[in-house]
Each structure stands twice: as C-alpha cells, then as structure tokens.
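Remarks on the structure that follows.
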Amino acid sequence: MNILLLRPHPGNEQFGLGPFFRVEPLGLEYVAAALLPLGHSVTIADLRFRPGAATWVRRTRPRVVGISCLHALEYDRVVETAREVRRAAPDAFILVGGHAAMAFNAPLEDDSIDAVIMDDGEETMPALVRALDKGVPLREVPALRLKTADGWVSTPPLPARTGLDLVPLPARDLVSRHRSGYHCLLFKPVWLIETARGCPFRCSFCSIWQLYDRTYRERSIAAVVEDFANTGDAVFVADDLFWNNPPRSMELARALKKRGVFKRWILVQSRTDLISRSAELLEEWRPIAGDFDIFLGFEFATDRGLSGITKDAGVKESLAAAEVARSHRYGINGNFLIDPDWDEDDFRHLWDFVAAHGLQRSGFTLLTPLPGTDLYERDKARLKGLPWADFDMHHLLWEPKLGAERFCELYAETWRRSILNTSGDKKLTDWLRQVRLLQIPYMIKVMRRTQAMMKPETYLRDYNATRGRVSTGGAGADSAGCPPCGRSA
Ligand code: B12
Ligand code: SF4
Numbered sequence: 005m006n007i008l009l010l011r012p013h014p015g016n017e018q019f020g021l022g023p024f025f026r027v028e029p030l031g032l033e034y035v036a037a038a039l040l041p042l043g044h045s046v047t048i049a050d051l052r053f054r055p056g057a058a059t060w061v062r063r064t065r066p067r068v069v070g071i072s073c074l075h076a077l078e079y080d081r082v083v084e085t086a087r088e089v090r091r092a093a094p095d096a097f098i099l100v101g102g103h104a105a106m107a108f109n110a111p112l113e114d115d116s117i118d119a120v121i122m123d124d125g126e127e128t129m130p131a132l133v134r135a136l137d138k139g140v141p142l143r144e145v146p147a148l149r150l151k152t153a154d155g156w157v158s159t160p161p162l163p164a165r166t167g168l169d170l171v172p173l174p175a176r177d178l179v180s181r182h183r184s185g186y187h188c189l190l191f192k193p194v195w196l197i198e199t200a201r202g203c204p205f206r207c208s209f210c211s212i213w214q215l216y217d218r219t220y221r222e223r224s225i226a227a228v229v230e231d232f233a234n235t236g237d238a239v240f241v242a243d244d245l246f247w248n249n250p251p252r253s254m255e256l257a258r259a260l261k262k263r264g265v266f267k268r269w270i271l272v273q274s275r276t277d278l279i280s281r282s283a284e285l286l287e288e289w290r291p292i293a294g295d296f297d298i299f300l301g302f303e304f305a306t307d308r309g310l311s312g313i314t315k316d317a318g319v320k321e322s323l324a325a326a327e328v329a330r331s332h333r334y335g336i337n338g339n340f341l342i343d344p345d346w347d348e349d350d351f352r353h354l355w356d357f358v359a360a361h362g363l364q365r366s367g368f369t370l371l372t373p374l375p376g377t378d379l380y381e382r383d384k385a386r387l388k389g390l391p392w393a394d395f396d397m398h399h400l401l402w403e404p405k406l407g408a409e410r411f412c413e414l415y416a417e418t419w420r421r422s423i424l425n426t427s428g429d430k431k432l433t434d435w436l437r438q439v440r441l442l443q444i445p446y447m448i449k450v451m452r453r454t455q456a457m458m459k460p461e462t463y464l465r466d467y468n469a470t471r472g473r474v475s476t477g478g479a480g481a482d483s484a485g486c487p488p489c490g491r492s493a
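For the sequence shown, position 104 matches number 108 in our numbering, and the numbering has no gaps at all.
Structural data, given as structure tokens:
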C-alpha cells in the first residue's frame with residue numbers, strides 16, 4: 005500500500021526556538037520504520053521545506069495519508085493540510101497522530117479527517133493499515149478516535165504500553181533529502197535521537213506525563229548506541245527527562261564510549277533535582293561531546309512559585325543544578341515561566357535572581373494552559389475562541405493582572421536583561437566574533453529577529469489583534485471549550 009506521511013509547517017514560528025531549531029520528524033520516522041517491513045511503500049514529506057501537500061499526493065498516489073501534529077499551536081494548520089489532501093485525494097484515508105493530537109484531539113474532529121491516533125504510532129499505525137487492507141471494521145483497531153456515521157467514537161485502548169524496542173531504529177533515510185536543512189542554530193545538519201519516552205513527574209503546565217500516565221520507557225542500550233553511532237556530529241536528544249535512570253545512563257555512557265561515539269555537539273533536556281544529585285553521571289557523559297548543552301526548566305525563582313506548578317523541586321535544586329552543570333563544563337539553557345497573574349515585585353524578584361546567579365542565558369516563556377494539562381482544565385473557560393496558533397507560550401491569552409500594557413513592558417524588559425539583547429552586555433559584534441565568516445549573515449538574521457522579543461509592542465500588537473477578532477466572533481478555536489470526547493474531555 006502507498007502511504008504518505010506529512011509533517012506540516014507549524015503555522016506559527018514567530019517566537020522561541022521554532023525558526024532556529026528545525027529538526028527531523030522523528031515520530032514519522034518511527035511510524036515508517038514500523039510499516040516498511042510489512043511491505044508498504046512509505047514516503048515522508050516535510051512540508052516545512054517544500055509546501056504543497058497536494059503535489060505530494062499526486063506524486064505518491066497514497067491510499068493512506070498520515071499527518072503529524074506535535075504542538076497545540078499547529079491544530080489549525082493540520083486541519084488545513086488535511087483539507088488540502090482531501091481535495092487532492094477524495095478517497096484516501098486521512099489520519100492525524102503526534103503529541104498534541106493524542107493529548108487533546110477535539111480540534112482535529114473535522115470532516116476532512118478520518119481518524120486520530122491516540123497512542124504510539126509504532127503499534128497503532130500498522131494495526132490500522134492492516135485493518136484497511138483486509139477490510140476489518142475499524143472499530144476493532146485499538147487506540148483510535150474514529151469518524152463514523154454515528155459521529156466520532158473512541159476505540160478500546162492498547163492493552164499495554166508499547167515497548168520501545170518494537171521498532172528499535174527510525175527510518176532516517178526517508179528524510180535524507182531534507183537532512184542539510186535540519187539545524188539547531190548554527191549546528192547543521194542536526195540529528196534528533198530518542199533514548200527514552202515519558203516522565204514520572206507531574207508539572208501542571210506539561211502534557212507529557214498526562215499522556216503517558218507518568219510512565220517512563222527506555223530503549224535498549226544496544227539500539228541507542230546503534231542510533232548514536234549511525235548519526236552525525238550534532239545531536240538533539242528528544243527525551244523530556246534525560247539521565248532519569250542513573251544506573252542505565254551510566255551504562256549507556258560507557259557503551260557509547262566503548263563504541264567510539266564522539267559528537268561535536270549534544271543537547272539534552274533534564275530536571276534540576278536530577279542534575280543536582282548526578283555529578284558523577286554528568287562527569288561520565290561530558291567527554292562524549294565537544295560542546296554539551298542542557299535545557300533546564302528553572303520555571304520560577306521562588307519555592308512558592310515552583311510548588312504552585314507542582315514541580316516537586318525547589319529553588320535550592322535549581323541553584324545546585326546550575327553549579328553541578330557548570331562545574332562539569334555543560335552549557336545551561338534554562339527556562340523561566342512568567343505568570344500573567346504577576347505583580348511588579350514578582351518581575352523584580354526574577355530579574356534579581358537571574359542577575360545574582362548568572363542565568364542570563366535563560367529563556368522566558370508565559371505560563372500557558374496548553375491542552376492536555378492540569379492548567380488547561382483550570383483555565384479552559386477563559387480560553388474559548390482563541391486561535392490555536394497563539395498557544396506558543398509567548399502570546400498573552402487573557403488580560404494579565406497588571407494590565408496588558410504594563411505586563412508587556414515588564415515581559416519585554418525581562419528579555420532585555422538576557423544575553424540576547426544586543427544593546428546589553430553582549431553586543432552584536434561580540435556574537436559575530438564567535439562565528440565563522442560564512443555564518444555571519446545567518447547570525448545577524450537570528451539576532452535581529454530576537455530583538456523583537458525585547459519590544460512590548462510585539463506582544464501588545466498581537467494581543468490586541470486577537471482580542472479584536474475574538475470579540476467580533478472571527479477567531480478560530482471554539483473547540484477549546486469542552487469537547488464531548490476521548491482523553492481530552
Ligand atoms: C523536538 C521538539 C521541539 C522542536 C520542534 C521541532 C522542529 N521545529 O523541528 C523545537 C525545539 C523547535 C520545539 C519547540 C517547541 N515546543 Co516542542 N517538543 C519537541 C520534543 C522534545 C520532541 C518531539 C519528538 O520528536 N519526540 C520523539 C517522537 C518519537 O515522539 P512523537 O513525536 O510523539 O511521535 C510518536 C507519536 O506521537 C506518534 N506520531 C507522531 N506523529 C505521528 C503521525 C502519525 C500519522 C501517526 C500515526 C503517529 C504519529 O508516533 C510516534 C512514535 O510513537 C517534544 C517532547 C516529546 N518528548 O515528544 C516537545 C513538545 C512537543 N514541545 C512542546 C512545546 C510546548 C514547545 C514550544 C511551544 C516550547 C516553547 N517554549 O517555545 C515550542 C513551539 C515551537 C513552534 N513554534 O513550533 C510540548 C508540546 C505541548 C503541547 N501540548 O503543545 C512538548 C510535548 C514538550 C513538553 N514536555 O511539554 N519542540
Ligand atoms: S515539565 Fe519536564 S519534569 Fe515536568 S512533567 Fe513535563 S517532562 Fe516531566
């Protein structure tokens with residue numbers, strides 16, 4: 005069977021890492037790796053490089069088209085893509101999968117879509133394709149949200165969590181034509197590797213633990229070593245919680261060294277409390293890459309703030325983590341959350357904390373109720389009618405306590421105090437001195453774009469525009485209300 009897998013453009017890459025981090029569609033590569041041994045002909049098209057879903061449909065004549073939906077901000081663009089596919093291939097079976105689709109499927113219940121996959125694609129997608137092939141009723145396929153003559157229905161869940169070694173390696177060769185375009189800032193090309201999936205913690209702004217019921221699954225050491233050995237020089241590890249299982253992480257580091265794996269750059273994501281007590285582990289991992297960066301959620305600069313989001317770690321752990329990471333020469337890219345309910349003093353406390361502990365490399369995102377999280381359940385009534393594209397953790401979604409104007413001034417000022425402000429301590433010329441001649445035009449583009457985050461009007465303009473559209477009934481996501489369905493209900 006011809007199967008086409010599409011990674012749409014997210015639609016909104018105005019802020020944050022989106023435009024500067026473009027990584028391979030790893031989820032689709034694992035789905036493809038599960039389908040190829042069954043004899044199917046699978047194409048992955050990354051529409052972020054070459055738009056035109058219809059062109060890919062005409063070229064590959066698929067019986068099944070799968071579309072990935074990673075972030076909530078992509079819902080509207082995914083539906084548009086499905087409609088384009090439907091027009092080009094009226095008889096194709098169109099389904100959507102991916103993190104945001106599973107975490108909250110309501111916005112995808114559109115006439116152009118036949119099913120949403122509600123669990124890992126490695127197991128559910130082959131089962132669905134087999135059923136289509138053999139004419140088995142789709143209600144018998146597990147873990148689907150399915151469009152039927154009686155409306156959208158849920159099929160039974162998978163009997164157990166899929167083991168990650170069911171599909172040990174992704175089908176990376178299916179995206180080789182895009183490889184030179186995958187990059188994280190100046191690291192290019194970049195490879196995305198998954199060593200484990202899920203998280204046992206319970207932060208209220210996060211949808212990962214909810215989706216996987218606080219489970220944490222690991223790939224076998226052999227499969228991970230193989231993946232590292234066969235990928236390039238710059239690696240972004242997709243795991244939400246790297247180093248979570250210290251004995252296994254230690255074993256993995258030793259196995260990678262034994263295999264002679266050495267990378268130019270590795271980026272991992274982890275937790276402060278874990279890092280604060282894992283000095284030995286960090287020491288073992290450090291020689292595996294020339295540059296080694298950690299994305300670290302500092303979230304708040306007070307214990308009260310951290311307990312308010314059930315982080316289950318305190319400021320003490322944040323500081324200890326920074327200390328341990330620095331002492332082993334890791335780069336720390338922290339992230340802090342800014343709460344729309346903040347007073348002026350909360351901003352000042354954060355600025356002082358960042359300055360006192362040298363955390364100016366951090367990013368600052370708005371505490372946002374993303375669908376599939378506890379926060380969303382708390383706030384969903386006031387989110388009605390907002391466009392999904394605004395759920396990027398940089399758009400104000402409602403009037404903040406300080407009023408939009410003052411809040412945006414303080415939010416922009418927070419960014420101005422970061423290392424990214426080229427009118428601050430580190431000038432544009434200092435940034436340019438760090439890169440090679442050929443990289444200068446790209447670096448100028450990145451820094452220019454970043455400066456917009458330091459201007460209050462950037463945020464205010466979008467906030468006012470959305471409010472205008474919502475009040476006249478023009479904006480999108482009514483389904484943010486209360487969908488009568490599935491996991492997201
Ligand atoms: C890589 C990544 C990114 C990359 C995006 C990639 C790019 N631009 O090229 C970067 C770093 C840029 C990024 C940015 C952001 N991200 Co992001 N990102 C991830 C991350 C770490 C890995 C995704 C991944 O590849 N996982 C590994 C693969 C194997 O898993 P998977 O994609 O889920 O695929 C499986 C299934 O979902 C399914 N599947 C997937 N696609 C399909 C398709 C079909 C047809 C089928 C059948 C099945 C299927 O099968 C696969 C195998 O089981 C996830 C966390 C995570 N662990 O998933 C967060 C995550 C998706 N991101 C998140 C967030 C919040 C963001 C940001 C908003 C953060 C910010 N502060 O700015 C921005 C938004 C950027 C933008 N404007 O687009 C949240 C999403 C929350 C939500 N509900 O929206 C996540 C879940 C992280 C978290 N812990 O909360 N992100
Ligand atoms: S934010 Fe990180 S630590 Fe918290 S639940 Fe999500 S993945 Fe786990």
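Heads up, the beta-carbon is just placed ideally off N, CA and C, and yes, glycines get one too.
Pull up the CB-CB distance for H44 and L74, whole angstroms please, since I reckon it's below 8 Å. That belief does not hold up - the Cβ atoms of H44 and L74 are roughly 23 Å apart, past 8 Å.
Reference G294, options V68, P204, R333, W269, closest by Cα: W269
Say yes only if the C-beta of F302 is nearer than 7 Å to one or more non-hydrogen atoms of the ligand SF4, and no if none qualify. no
What is the residue span of the beta strand (DSSP E) that D378 lies within? Taken as a continuous stretch (DSSP letters only), D378 belongs to no beta strand (DSSP E), being part of the alpha helix (DSSP H) at 378-383.
Contact under 8 Å by Cβ, P344 with W402: yes
Within 7 Å: the Cβ of I117 and any heavy atom of the ligand B12? no
Tell me L341's beta-bridge partners as DSSP assigns them. T369
Among residues of its own chain, excluding the 5 on either side of E409, which ones have a beta-carbon nearer than 7 Å to its beta-carbon? L464
Extent of the continuous beta strand (DSSP E) to which E78 belongs: Here E78 belongs to no beta strand (DSSP E), and DSSP marks it neither H nor E.
Between which residues of its own chain and G318 is the CB-CB distance below 7 Å, once the five residues before and five after are set aside? D307, L310
Round the Cβ separation of P55 and H13 to the nearest angstrom and send it over; I've been treating them as touching at under 8 Å. 7 Å
Go to E222, then tell me how far its beta strand (DSSP E) extends in each direction, as first and last residue. 220-222
Going by Cα to Cα distance, which pick from L39, F19, W247, L256 is closest to S274? W247
Straight-line Cα distance separating D429 from I423: 7 Å
Sorry if obvious, but does the Cβ on D244 come closer than 7 Å to a heavy atom of the ligand SF4? yes
Beta-ladder partner(s) of L271, from DSSP: F240, D297
Return yes when the C-beta of R26 is under 7 Å from any heavy atom of the ligand SF4, and no when it is not. no
Would you say R201 touches the ligand SF4, meaning its beta carbon is less than 7 Å from a heavy atom? no
Proximity test, M122 beta-carbon vs the ligand B12 heavy atom, cut-off 7 Å: no
For the beta strand (DSSP E) that contains V69, what are its first and last residues? 68-72
Less than 7 Å separating the Cβ of I212 from some heavy atom of the ligand SF4? yes
Among R134, V358, T369, L354, which has the Cα closest to the Cα of M397? T369
Quick test of your reading: L196 and F240, contact by CB under 8 Å. State the CB separation rounded to the nearest angstrom. 5 Å
The beta strand (DSSP E) spanning I7 covers which residue range? 6-11
Close beta carbons around R263, own chain, < 7 Å, minus the five adjacent residues each side: V229, A233
Return helix, strand or coil for D50, following the three-state DSSP convention. strand
Identify the residues that DSSP records as bridge partners of L189: which are they? Answer is none; L189 lacks a bridge partner.
Do V83 and L99 have their C-beta atoms within less than 8 Å of each other? no
If I measure Cβ to Cβ from T454 and keep anything under 7 Å in the same chain, skipping five residues before and after, which residues do I get? L424
When we look at the beta-carbon of T85 and count the other beta-carbons within 10 Å, is it buried (16 or more) or exposed? buried
Would you mind giving the Cβ-Cβ distance between L363 and F209, rounded to the nearest angstrom? I have them listed as a contact below 8 Å. Wrong, their Cβ atoms sit about 19 Å apart, outside the cutoff.
Which residue wins for smallest C-alpha separation from R252, given the options R290, L189, H187, A200? A200
Decide if I444 is buried, meaning its Cβ has at least 16 other Cβ atoms within 10 Å, or exposed. exposed
Return the first residue and the last residue of the beta strand (DSSP E) that G428 is part of. G428 -> no beta strand (DSSP E), and no H or E assigned at all.
Could you check if D244 is buried or exposed, using at least 16 other CB atoms within 10 Å of its CB as the buried criterion? buried
Tell me the residue span of the alpha helix (DSSP H) that contains L215. 212-215
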